[in-house]
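Engineer: Chains as they are written, first to last, in the UniProt record's numbering: chain F, 1 to 189; chain X, 1 to 189.
Ideal Cβ positions, reconstructed from N, Cα and C, are used throughout, including at glycine.
Computed from a predicted structure; not experimentally measured.
Structure below; questions to follow.
2 protein chains.
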Amino acid sequence: MTAAKPLRADARRNRDALLAKARELFASGCFDLRFDDFAKLAGVGTGTLYRHFPTRAALAEAVYREELTAMCARAGELQATLPAAEALAAFLRGFVNHLHTHLGLARTLATLMATRSDALADGGRELDRAMAGLLAAGVEEGTIRDDVGAGAVMMVLQGICTACDEPGSREDADGAVTLLLDGLRRRPS
Amino acid sequence: MTAAKPLRADARRNRDALLAKARELFASGCFDLRFDDFAKLAGVGTGTLYRHFPTRAALAEAVYREELTAMCARAGELQATLPAAEALAAFLRGFVNHLHTHLGLARTLATLMATRSDALADGGRELDRAMAGLLAAGVEEGTIRDDVGAGAVMMVLQGICTACDEPGSREDADGAVTLLLDGLRRRPS
DNA sequence: CAAGATATGGAGACTATCTCCACTTGTCAA
DNA sequence: TTGACAAGTGGAGATAGTCTCCATATCTTG
Numbered sequence: 001m002t003a004a005k006p007l008r009a010d011a012r013r014n015r016d017a018l019l020a021k022a023r024e025l026f027a028s029g030c031f032d033l034r035f036d037d038f039a040k041l042a043g044v045g046t047g048t049l050y051r052h053f054p055t056r057a058a059l060a061e062a063v064y065r066e067e068l069t070a071m072c073a074r075a076g077e078l079q080a081t082l083p084a085a086e087a088l089a090a091f092l093r094g095f096v097n098h099l100h101t102h103l104g105l106a107r108t109l110a111t112l113m114a115t116r117s118d119a120l121a122d123g124g125r126e127l128d129r130a131m132a133g134l135l136a137a138g139v140e141e142g143t144i145r146d147d148v149g150a151g152a153v154m155m156v157l158q159g160i161c162t163a164c165d166e167p168g169s170r171e172d173a174d175g176a177v178t179l180l181l182d183g184l185r186r187r188p189s
Numbered sequence: 001m002t003a004a005k006p007l008r009a010d011a012r013r014n015r016d017a018l019l020a021k022a023r024e025l026f027a028s029g030c031f032d033l034r035f036d037d038f039a040k041l042a043g044v045g046t047g048t049l050y051r052h053f054p055t056r057a058a059l060a061e062a063v064y065r066e067e068l069t070a071m072c073a074r075a076g077e078l079q080a081t082l083p084a085a086e087a088l089a090a091f092l093r094g095f096v097n098h099l100h101t102h103l104g105l106a107r108t109l110a111t112l113m114a115t116r117s118d119a120l121a122d123g124g125r126e127l128d129r130a131m132a133g134l135l136a137a138g139v140e141e142g143t144i145r146d147d148v149g150a151g152a153v154m155m156v157l158q159g160i161c162t163a164c165d166e167p168g169s170r171e172d173a174d175g176a177v178t179l180l181l182d183g184l185r186r187r188p189s
């Protein structure tokens, strides 16, 4: 599914150079760089950049794909080793924590979530699935309400991701997670 | 504070034409129109457009300022006529409802909230204040928790606003509000 | 190693944004 | 009214990103 094309050697090299440079730049806070300049900085031509990553979002997604996958994997681990409600809490708190030390990821996720209908959104869907899994386990366990879907939770996360690079947003993000977790608890109706 | 400059007659006319046309276009779903074309369509020159509204966001804010103010006023009314917790619930449910029939407003709010540090954000701050008021009343009343600030709630609202024009987001938005309201309830600790 | 497939790079077309200023229009005091 | 000054106008063109195109270079495979 992923290995449809055995990229030529030099092509792979260029692609990697692009990714490496992008990662480096994102890590140092440069997000709004002129797109063409990514190419220049990575030592490849503009055309090459556009061939590998048709849009800025595509580049961002590729850069953070691994990281996102790792986070989703973590959701699985938590789910396997903790009671569902705790796993959910641990995941969400870890998520917010991670976002605040990886603003590039936050931006990227915000973009991905806002682009649901697109091909490059499967990164977003991955997170969606992880979330749905955690919730389902909680419902099963009886500690999480069953009348609110994963979409609603994702919507809140989208807000958090979007607001992330606002200075001083950390506290509010934690507050939002608190609300989320308490809101999700099954209510003794 | 608002009446610093008694705009010349023709200037006001142009400004109004611009606003009217923008309102009309927004209402019909055209948000991403070439900015210069607003001018053309409203029958004024590009320069005039830019003088009155330096950015797209400024135009959007002006278009929805009234509406936003009305919403905030409504928060006040609710607060005056209902127990705080109910006022909060009514406001939030009304808010989401309104957003989903006024997508332009949703977009605009999403933008405003993402632009906290700017001059044109006072529209956003207005909402912020209304929210803070509702919460404070609830805390006073003893039905709303006091350990989570208005910022956290606004963050969730931002997510809702951003996701609004996704088809089928209505249900999720309602879910998010449910989570929010239940999460905000003072817990019998 | 030759031939075909694959990939490159960067000049320049294209597009949206925004500025600038010679000119028009409104205002107001006389 | 009218003259003179302030206020506002419009739209051509400067500026700056984005993206395409294709002659050329580089890989790969038989």
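Mind checking the region 159-186 of chain X against chain F and listing, in chain order, the residues whose C-beta falls within less than 9 Å of any C-beta there?
Structural biologist: 159, 160, 161, 162, 163, 166, 167, 168, 169, 171, 172, 173, 174, 175, 176, 177, 178, 179, 180, 181, 182, 183, 184 and 185
Engineer: Do residue 104 (chain X) and residue 31 (chain X) count as a contact pair if the criterion is CB distance below 8 Å?
Structural biologist: Stepping through the second sequence from its first residue, residue 31 (chain X) is reached at position 31. Stepping through the second sequence from its first residue, residue 104 (chain X) is reached at position 104. Yes, these two residues count as a Cβ contact at 8 Å.
Engineer: Decide if the region 78-86 of chain F is in contact with the region 143-153 of chain F; the criterion is three or more beta carbon pairs, one per stretch, under 8 Å apart.
Structural biologist: yes
Engineer: Output needed in chain order: residues of the region 119-151 of chain X with a Cβ under 7 Å from some Cβ in chain F.
Structural biologist: 148, 149 and 151
Engineer: Could you check which residue in F:51, F:127 and F:138 has the C-alpha nearest to that of residue 161 (chain F)?
Structural biologist: Taking the first sequence and counting its residues from 1, one reaches residue 161 (chain F) at position 161. It is F:127 whose Cα lies nearest to the Cα of residue 161 (chain F).
Engineer: Closer than 7 Å, Cβ to Cβ, to anything on chain F: give me those residues from the region 71-96 of chain X, in chain order.
Structural biologist: Going along the region 71-96 of chain X in chain order, one finds no residue with a Cβ nearer than 7 Å to chain F.
Engineer: Check the C-beta distance from residue 63 (chain F) over to residue 23 (chain F) and give it rounded, since I have them as a contact under 8 Å.
Structural biologist: Here residue 63 (chain F) corresponds to residue number 63 of the first sequence, with the count starting at 1. Here residue 23 (chain F) corresponds to residue number 23 of the first sequence, with the count starting at 1. 5 Å between Cβ atoms; contact.
Engineer: Within 8 Å (strictly less), CB to CB, does residue 106 (chain X) reach chain F?
Structural biologist: Along the second sequence, one-based indexing puts residue 106 (chain X) at 106. Answer no: the Cβ-Cβ gap between residue 106 (chain X) and chain F never drops below 8 Å.
Engineer: Just checking: is the beta-carbon of residue 57 (chain F) within a distance shorter than 8 Å of some beta-carbon in chain X?
Structural biologist: What you label residue 57 (chain F) is simply residue 57 of the first sequence in a count that begins at 1. Residue 57 (chain F) does not count as touching chain X.
Engineer: Within this structure, are the beta carbons of residue 59 (chain F) and residue 123 (chain F) separated by less than 8 Å?
Structural biologist: Locating residue 59 (chain F) in the first sequence gives position 59, where the first residue counts as 1. Locating residue 123 (chain F) in the first sequence gives position 123, where the first residue counts as 1. Their beta carbons are not under 8 Å apart, which means residue 59 (chain F) does not touch residue 123 (chain F) by this criterion.
Engineer: What number of angstroms, rounded off, separates the C-alpha of residue 7 (chain F) from the C-alpha of residue 72 (chain F)?
Structural biologist: Position 7 of the first sequence, counting from 1, holds the residue named residue 7 (chain F). Position 72 of the first sequence, counting from 1, holds the residue named residue 72 (chain F). Spanning the two alpha carbons is a distance of roughly 27 Å.
Engineer: Determine, for residue 9 (chain X), whether the minimum Cβ-Cβ distance to residues of chain F falls below 8 Å.
Structural biologist: Residue 9 (chain X) sits at position 9 when you count from the first residue of the second sequence. No, residue 9 (chain X) lies away from the interface with chain F (no Cβ there is under 8 Å from its Cβ).
Engineer: How far does the alpha helix (DSSP H) with residue 125 (chain F) in it extend, from its first residue to its last?
Structural biologist: Looking up residue 125 (chain F) in the first sequence gives position 125. 122-141 is the span of the alpha helix (DSSP H), which, as asked, contains residue 125 (chain F).
Engineer: Interface residues of chain X around residue 114 (chain F) at Cβ under 7 Å?
Structural biologist: Your numbering for residue 114 (chain F) matches position 114 in the first sequence. The answer, in chain order, is 162.
Engineer: Alpha carbon to alpha carbon, how far is residue 101 (chain X) from residue 28 (chain X)? Give it in angstroms, no decimals.
Structural biologist: Position 28 of the second sequence holds residue 28 (chain X). Position 101 of the second sequence holds residue 101 (chain X). The straight-line gap from Cα to Cα measures roughly 12 Å.
Engineer: Alpha helix (DSSP H) containing residue 162 (chain X): first to last residue?
Structural biologist: Taking the first residue of the second sequence as 1, we reach residue 162 (chain X) at position 162. It spans 150-163 - the alpha helix (DSSP H) in which residue 162 (chain X) sits, taken as one unbroken run.
Engineer: Please report whether the beta-carbon of residue 63 (chain F) lies at a distance below 8 Å from any beta-carbon of chain X.
Structural biologist: Taking the first sequence and counting its residues from 1, one reaches residue 63 (chain F) at position 63. No - not a single Cβ of chain X is within 8 Å of the one on residue 63 (chain F).
Engineer: Label residue 178 (chain F) either buried or exposed according to how many other C-beta atoms from any shown protein chain fall within 10 Å of its C-beta, with 16 as the threshold for buried.
Structural biologist: What you label residue 178 (chain F) is simply residue 178 of the first sequence in a count that begins at 1. It counts as buried.
Engineer: How about residue 116 (chain F) and residue 166 (chain X): do their beta carbons lie closer than 8 Å?
Structural biologist: Mapped onto the first sequence, residue 116 (chain F) falls at position 116. Mapped onto the second sequence, residue 166 (chain X) falls at position 166. Going by C-beta atoms, residue 116 (chain F) is nearer than 8 Å to residue 166 (chain X).
Engineer: State the CB to CB distance for the pair residue 183 (chain F) and residue 180 (chain X), rounded to an integer number of angstroms; the pair is presumed to be in contact (CB under 8 Å).
Structural biologist: The residue labelled residue 183 (chain F) in the question sits at position 183 within the first sequence. The residue labelled residue 180 (chain X) in the question sits at position 180 within the second sequence. Contact flag correct, Cβ pair sits at about 6 Å.
Engineer: On the DSSP bridge list, what partners appear for residue 51 (chain F)?
Structural biologist: Here residue 51 (chain F) corresponds to residue number 51 of the first sequence, with the count starting at 1. DSSP output for residue 51 (chain F) lists no bridge partner at all.
Engineer: Where do the ends of the alpha helix (DSSP H) carrying residue 177 (chain X) lie?
Structural biologist: Walking along the second sequence from the start, residue 177 (chain X) turns up at place 177. Element bounds for residue 177 (chain X): 169-184.
Engineer: Could you give the distance in angstroms between the alpha-carbon of residue 130 (chain F) and the alpha-carbon of residue 150 (chain X)?
Structural biologist: Sequence index remark: in the first sequence, residue 130 (chain F) carries index 130 (1-based). Sequence index remark: in the second sequence, residue 150 (chain X) carries index 150 (1-based). If I take the Cα positions, the gap works out to 29 Å.
Engineer: Can you tell me the Cα-Cα spacing of residue 35 (chain X) and residue 47 (chain F), whole angstroms?
Structural biologist: Translated into positions along the second sequence, residue 35 (chain X) becomes position 35. Translated into positions along the first sequence, residue 47 (chain F) becomes position 47. Going by the C-alpha atoms only, they are around 29 Å apart.
Engineer: Could you give the first and the last residue of the continuous alpha helix (DSSP H) run that contains residue 166 (chain X)?
Structural biologist: Position 166 of the second sequence, counted from the start, is the residue given in the question as residue 166 (chain X). No alpha helix (DSSP H) contains residue 166 (chain X), which DSSP labels as neither H nor E.
Engineer: If you draw a straight line from the C-alpha of residue 176 (chain F) to the C-alpha of residue 164 (chain F), how long is it?
Structural biologist: Sequence index remark: in the first sequence, residue 176 (chain F) carries index 176 (1-based). Sequence index remark: in the first sequence, residue 164 (chain F) carries index 164 (1-based). Their Cα atoms are separated by approximately 12 Å.
Engineer: Straight-line CA distance for residue 99 (chain F) to residue 113 (chain X)?
Structural biologist: Taking the first residue of the first sequence as 1, we reach residue 99 (chain F) at position 99. Taking the first residue of the second sequence as 1, we reach residue 113 (chain X) at position 113. Each residue's Cα considered, the two are about 19 Å apart.
Engineer: Terminal residues of the continuous alpha helix (DSSP H) containing residue 27 (chain X)?
Structural biologist: In the second sequence, counting from the first residue as 1, residue 27 (chain X) sits at position 27. Note, residue 27 (chain X): alpha helix (DSSP H), 9-27.
Engineer: Using alpha carbons as the reference points, say which of X:38, X:55 and X:80 lies closest to residue 17 (chain X).
Structural biologist: Within the second sequence, the letter at position 17 stands for residue 17 (chain X). Among X:38, X:55 and X:80, the Cα nearest to that of residue 17 (chain X) is on X:38.
Engineer: Hey, quick one: how far does the alpha helix (DSSP H) through residue 107 (chain F) stretch, first residue to last?
Structural biologist: Residue 107 (chain F) sits at position 107 when you count from the first residue of the first sequence. Unbroken alpha helix (DSSP H) run through residue 107 (chain F): 103-113.
Engineer: Whole angstroms are fine: how far does the CA of residue 41 (chain X) sit from the CA of residue 156 (chain F)?
Structural biologist: Looking up residue 156 (chain F) in the first sequence gives position 156. Looking up residue 41 (chain X) in the second sequence gives position 41. When rounded, the distance between both Cα atoms is 38 Å.
Engineer: For the alpha helix (DSSP H) that contains residue 72 (chain X), what are its first and last residues?
Structural biologist: Walking along the second sequence from the start, residue 72 (chain X) turns up at place 72. Unbroken alpha helix (DSSP H) run through residue 72 (chain X): 56-81.
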